[in-house]
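Trainee: Numbering (our numbering), first residue to last: 629 to 1090.
From the three backbone atoms N, C-alpha and C, an ideal C-beta is built for every residue, glycine too.
Only a predicted model underlies this, so the values are computations on that prediction, with no experimental measurement involved.
One structure, as structure tokens, below. Some questions next.
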């Protein structure tokens, strides 16, 4: 299905708005004209009634008026006007009705009462023609009571209004068409930055993720989307670089144990050995297999954590008990290096117990591995507004600033040569970060002369 053009839709909307505005103005002008014409016709009838009344009052006799019809015929001036002067018995003294129309009964205005616009009656004849009628009493010569009926056929008004309506329709239609055409041209011109943006994005692929969409000449309305796109490109580039680095690191980490296995097995097959030597080769192979197994399990955990496949089993935990269990577990390893573990955790925390123990265990394992002999590793709690930080503090070599931001990357080691049997293969801190992301928390690390501190930040619910 073909996508609809924004320019066409906006141009149509602009044309519709213009047509609506022009129609509203046209209706206002049309009604104003109709009202003005009606007022003019009514004023003509009111004036005509007064003139005929005055003419009748100033005449010497009705016979003289009938003998000189031009006197009032010239006053009327066209065939669409009506004038009837009737006696009390209903006979006509003056009859001007060129089309011989049958007129309805109209209530006459008293002679001493001036006519008003409300006294004008609009009546529709049998042939569909509308007439405006006004009737009033008058005094003829010798004080005779007469009735004057003045009327006007409104066909001229209707013709004028009909012509005006047609012009209004044409004006509205042409105005809407002109608005659509001009709007489409202006919109297409105004949407040029979007086409330039599309061309810039079309030129970005996996080999050019470092390119950014230029912001020079970009309209203010598009600056925010362009900045958002550039930010997305930065994240994509960073993610792609991390993925490439992760692939290389994964290949390197797997190649090392595989190479060791192949070398040891090759040597065992090339030279006859005793059963004790074969057992030593198998034991060495088992260590490498355990290393590969731990690596596979850690990668599986990270993949599930990133896809949010694991549901958290949140419970209110006693932090001091969690700390005691971890210290008991790592006590033997710490004693071998002359390191003392100090648990000062206190209070409660809502978290997944198994994941919290794994995260703190990974931090403790790193701390024991890198702490100075004879030092103390402390488990502390630090409360900040809205956050609870669990700290693992150890005294050891200072971590340079260029390494701090990469410690939680997969397979990253500050000193790759210090890889030891039983370590996490460079995935321990990455697992810690994934666990905190599952909890909606944060991780941070600092290192200096006073030691290295890894912190797990949990959002506290007030």
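1) Hey, which unbroken runs of the alpha helix (DSSP H) at 4 residues or more fall wholly within the segment 758 to 826?
2) In or out: residue 659 buried (at least 16 other Cβ within 10 Å) or exposed?
3) Distance check for residue 786 and residue 729, CA to CA, integer angstroms please.
4) Quick one: Cα of residue 735 to Cα of residue 780, how far?
5) If you draw a straight line from the C-alpha of residue 1079 to the C-alpha of residue 975, how long is it?
6) Short of 7 Å in beta carbon distance, which residues of its chain neighbour residue 677, apart from the five on each side in sequence? Order them along the chain.
7) In whole angstroms, what is the alpha-carbon distance linking residue 960 and residue 854?
8) Measuring straight from C-alpha to C-alpha, what distance separates residue 1037 and residue 858?
9) Which same chain residues, not among the five before or five after residue 942, have their C-beta less than 8 Å away from its C-beta?
10) Are residue 815 and residue 988 touching if we call contact CB-CB under 9 Å?
11) Determine the contact status of residue 973 and residue 947, defining contact as a CB-CB distance below 9 Å.
12) Over what stretch of residues does the alpha helix (DSSP H) that includes residue 964 continue unbroken?
13) Tell me the DSSP bridge mates of residue 1083?
14) Between the beta-carbon of residue 838 and the beta-carbon of residue 865, is there less than 9 Å?
15) What is the DSSP secondary structure of residue 968, counted as helix, strand or coil?
16) Which word fits residue 671, buried or exposed, when buried means at least 16 other C-beta atoms lie within 10 angstroms of its C-beta?
17) With H, G and I counted as helix, E and B as strand and the rest as coil, what does DSSP make of residue 980?
18) Since residue 1067 contacts residue 1086 with CB under 8 Å, what's their CB separation in whole angstroms?
19) Quick one: is residue 899 buried, meaning 16 or more other Cβ sit within 10 Å of its Cβ, or exposed?
20) Specify, as a first and last residue, the run of the alpha helix (DSSP H) that residue 651 falls within.
21) Excluding sequence positions up to five away, which residues of its chain have a Cβ less than 6 Å from the Cβ of residue 888?
22) Out of 751, 722, 863, 766, which one is the CA nearest neighbour of residue 741?
23) Look at the alpha carbon of residue 825 and the alpha carbon of residue 851, and state the distance between them as a whole number of angstroms.
24) In three-state DSSP terms, what is residue 752?
25) Report the rounded CA-to-CA distance for residue 964 versus residue 957, giving the unit in angstroms.
26) Taking the beta strand (DSSP E) that residue 1011 falls in, what are its first and last residues?
27) Grouping DSSP H, G and I as helix and E and B as strand, with all else coil, what is residue 727?
28) How would you label residue 760, buried or exposed, when you count the other beta carbons within 10 angstroms and need 16 or more for buried?
29) How many angstroms separate the CA atom of residue 668 from the CA atom of residue 721?
30) Please state whether DSSP places residue 942 in a helix, a strand or coil.
31) Do you know how far the Cα of residue 648 is from the Cα of residue 869?
32) Out of curiosity, what's the CA-to-CA distance linking residue 890 and residue 952?
Mentor: On the basis of the coordinates in this document:
1) 783 to 818
2) exposed
3) 18 Å
4) 17 Å
5) 25 Å
6) 743, 762, 764, 776, 778
7) 57 Å
8) 23 Å
9) 978, 979, 980
10) no
11) yes
12) 947 to 964
13) 1019, 1072
14) yes
15) strand
16) exposed
17) strand
18) 6 Å
19) exposed
20) 634 to 686
21) 916
22) 766
23) 11 Å
24) strand
25) 13 Å
26) 1004 to 1012
27) coil
28) buried
29) 28 Å
30) strand
31) 56 Å
32) 42 Å
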